[in-house]
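S.K.: Read in order, the letters of the sequence shown are residues 4 to 169 in this note's numbering. Just so you know, even glycine gets a beta-carbon here, dropped at the ideal spot from N, CA and C.
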Amino acid sequence: MSRPAHRKPEYHKINKDLFVLTYGALVAQLCKDYEKDEDVNKYLDKMGYGIGTRLVEDFLARSCVRRCHSYSEITDIIAQVAFKMYLGITPSVTCNNSSRTEFSLILDKNPLVEFVEELPAGRSSLCYCNLLCGIIRGALEMVMNLPYFTFWDLTVRKLRIPSSSL
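#1: Taking three-plus beta-carbon pairs below 8 angstroms as touching, is the segment 125–145 in contact with the segment 49–60?
#2: Would you kindly report the start and end of the unbroken alpha helix (DSSP H) that includes Phe106?
#3: Out of Asp36, Asp40, Tyr26, point me to the one whose CA is closest to Ser127's CA.
#4: On a CA-only basis, which of Leu58, Cys67, Asp111 is nearest Glu144? Give me that one, please.
#5: For Asn113, count neighbouring Cβ atoms within 10 angstroms of its own Cβ and tell me buried if that reaches 16, exposed if not.
#6: Could you spell out where the alpha helix (DSSP H) holding Thr78 opens and where it closes?
#7: Is it buried or exposed for Cys130, if we count other Cβ within 10 angstroms and need 16 for buried?
#8: If you draw a straight line from the alpha carbon of Glu117 to that of Leu21, how long is it in whole angstroms?
#9: If contacts are defined as beta-carbon pairs under 8 angstroms, then Ala82 and Val96 qualify, I think. What distance do you get, rounded to the angstrom?
#10: Beta strand (DSSP E) containing Val96: first to last residue?
#11: For Ile138, name the three-state secondary structure that DSSP assigns.
#12: Applying the 10 Å Cβ sphere with the 16-neighbour rule, what's the burial state of Cys132?
#13: Could you check where the alpha helix (DSSP H) with Lys39 kicks off and where it finishes?
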């Protein structure tokens, strides 16, 4: 039997707390496996990149966004649609320069750090949410943009998108 053509596909969501706690356990295990924070950061970015390259197809299918024609449109879609769709938050977008070639996404509430009290001792350069940078980079690379993202402040609330990104 075939499915009716007009039926919407069902999307299953996992419990947010389960995801956040699992992510925390993953980062804790990576900290045990790697001595250097840089190695953990690279691994999280690499994992995020892999997720982003696959997630972009789901995003485009579910969101029906139109083609972006400017750098600011891209950041608005990321903030207002993608973050809302997958993390349930809407970061604010700020332009960092007059030529509008550098933006920051300010996360007022970051669900990935909901249960994090503080980073382990000796892990001051750990970018706990580097997975998000990799996800965005991977997704945008699949749609022909070559971005580079970093978390700008250590409170993991500000994602900086420099001018060399797009």
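M.R.: This is what the structure holds:
#1: yes
#2: That residue, Phe106, is in no alpha helix (DSSP H); its beta strand (DSSP E) goes 106–109.
#3: Asp40
#4: Leu58
#5: buried
#6: 74–80
#7: buried
#8: 12 angstroms
#9: 5 angstroms
#10: 95–98
#11: helix
#12: buried
#13: Premise fails: Lys39 is in no alpha helix (DSSP H) and is neither H nor E.
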